[in-house]
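Heads up, the thing below is written out as structure tokens.
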Amino acid sequence: MMLPVFDIGVNLTSSQFAKDCPEVIDSALQAGVAGMMVTGTTLAESQAASQIAQQYPNQLFCTAGVHPHYACEFQPEDLDKLRALHALPHVLAVGECGLDFNRDFSPRDVQQAVFEQQIQLAIALGKPIFMHQRDAHDCFMEVIQPYSQQLKSAVVHCFTGTQQEMQDYLDLGFYIGFTGWICDERRGVEVKALTAQVPDNRLLIETDAPYLLPRDLKPKPKSRRNEPKFLPHILTTIADVRGEAPEALAEQIWHNSQKFLQITL
Numbered sequence: 007m008m009l010p011v012f013d014i015g016v017n018l019t020s021s022q023f024a025k026d027c028p029e030v031i032d033s034a035l036q037a038g039v040a041g042m043m044v045t046g047t048t049l050a051e052s053q054a055a056s057q058i059a060q061q062y063p064n065q066l067f068c069t070a071g072v073h074p075h076y077a078c079e080f081q082p083e084d085l086d087k088l089r090a091l092h093a094l095p096h097v098l099a100v101g102e103c104g105l106d107f108n109r110d111f112s113p114r115d116v117q118q119a120v121f122e123q124q125i126q127l128a129i130a131l132g133k134p135i136f137m138h139q140r141d142a143h144d145c146f147m148e149v150i151q152p153y154s155q156q157l158k159s160a161v162v163h164c165f166t167g168t169q170q171e172m173q174d175y176l177d178l179g180f181y182i183g184f185t186g187w188i189c190d191e192r193r194g195v196e197v198k199a200l201t202a203q204v205p206d207n208r209l210l211i212e213t214d215a216p217y218l219l220p221r222d223l224k225p226k227p228k229s230r231r232n233e234p235k236f237l238p239h240i241l242t243t244i245a246d247v248r249g250e251a252p253e254a255l256a257e258q259i260w261h262n263s264q265k266f267l268q269i270t271l
């Protein structure tokens with residue numbers, strides 16, 4: 007890859023990486039993915055993400071939080087356990103947290119309560135927040151908007167929404183994270199077009215691996231498993247839509263990633 011790129015969301019704690027996680031990381035680093043943030047989705051997964059990240063100083067980092075799917079499992083004492091994780095230098099952002107009304111694996115009122123607790127945690131710690139929203143935009147805005155000016159930085163990751171939804175997030179000063187969803191000719195066309203409308207300083211990219219393998223990737227891996235080494239493919243796709251040189255876009259996104267995460271690499 008021309009310049010280093012940063013994957014702001016990769017699920018390296020997934021069982022799909024259980025047998026070859028070190029090799030997956032090494033191949034990504036060799037492909038130019040010089041920074042990765044491992045996503046924490048439960049307390050246990052956040053602890054596992056931390057263990058992976060600490061093995062690669064200044065290359066891998068992680069989030070710690072509770073995904074809305076698992077909000078119903080969240081216990082009051084877990085907030086202190088998350089806070090303890092956030093004392094570690096490689097744990098950079100609160101999350102993955104937010105709302106998911108598509109699958110409703112947790113009751114909606116519980117999702118909202120756990121989301122709000124994590125927003126307050128991010129504010130108290132002065133840390134970025136890594137957010138998920140699916141089929142819950144209006145409620146999401148009701149929860150997050152009162153806190154938006156108090157947050158250090160925030161990203162709506164794996165964005166698959168509408169132009170209006172994207173504009174609502176941009177108006178709050180949030181970053182927008184795009185995945186290989188934009189490489190899907192069946193359902194990603196509209197979102198792909200939206201990548202051209204994001205201001206230079208608000209654009210982030212991610213694989214969300216092992217999910218969302220870019221459909222236009224050639225050759226496709228036999229396993230059909232997405233990996234962080236495919237992040238440059240997402241970047242070049244966005245650069246093409248925006249009419250920019252991939253090298254220039256890579257440099258901008260590297261800068262954005264550091265600013266979002268409040269780090270210097």
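Residues 7 to 271 (our numbering) make up the sequence shown, in order.
Every residue, glycine too, gets a C-beta built ideally from N, C-alpha and C.
This structure is a prediction, so every number in the text was calculated from the model and none was measured.
Using only alpha-carbon positions, find the residue among the options that is nearest to residue i.
| i | options | result |
| --- | --- | --- |
| C27 | K235, L94, V100, K226 | K235 |
| Q170 | M137, V204, V149, D190 | V204 |
| P63 | D84, L98, A50 | L98 |
| H75 | L267, P227, Q117 | Q117 |
| E212 | L35, I240, D110, T166 | I240 |
| T270 | D32, V30, V16, A40 | A40 |
| L127 | D174, D115, A90, H143 | A90 |
| L176 | L209, P152, D144 | L209 |
According to DSSP, is residue i part of a helix, a strand, or is it coil?
| i | result |
| --- | --- |
| T242 | helix |
| V16 | strand |
| G46 | coil |
| Y217 | coil |
| G101 | strand |
| R140 | strand |
| Y62 | coil |
| I211 | strand |
| F111 | coil |
| V72 | coil |
| A40 | strand |
| I269 | coil |
| A199 | helix |
Can you name, in chain order, every residue of its own chain whose Cβ lies under 6 Å from the Cβ of residue i, other than the five neighbours on each side?
| i | result |
| --- | --- |
| F146 | L105, Q139 |
| A202 | V247, R248 |
| P216 | S20, Q22, R231, N232 |
| A245 | P252, L255 |
| A55 | T19, V44, G46, C68 |
| A24 | none |
| S154 | L178 |
| L49 | D84, K87 |
Closer than 7 Å by C-beta to residue i: which residues in its own chain qualify, once you throw out the five before and the five after it? Chain order, please.
| i | result |
| --- | --- |
| A59 | V44, L66, F67, C68, H96 |
| N207 | N262 |
With a threshold of 9 Å between beta-carbons, can residue i be considered close to chain C, or not?
| i | result |
| --- | --- |
| F67 | Any reference to chain C falls outside this structure, which holds one protein chain only. |
So residue i and residue j are in contact, right, with Cβ under 8 Å, and what is the actual spacing, rounded?
| i | j | result |
| --- | --- | --- |
| N108 | D141 | 4 Å |
| E102 | G132 | In fact, because the Cβ distance is near 19 Å, the residues do not count as touching under 8 Å. |
| I135 | V100 | 5 Å |
| V161 | F180 | 6 Å |
Spatial neighbours of residue i within its chain, please: C-beta separation below 8 Å, excluding the five flanking residues on both sides.
| i | result |
| --- | --- |
| L219 | G186, K226, P227, R230, R231, N232, F236 |
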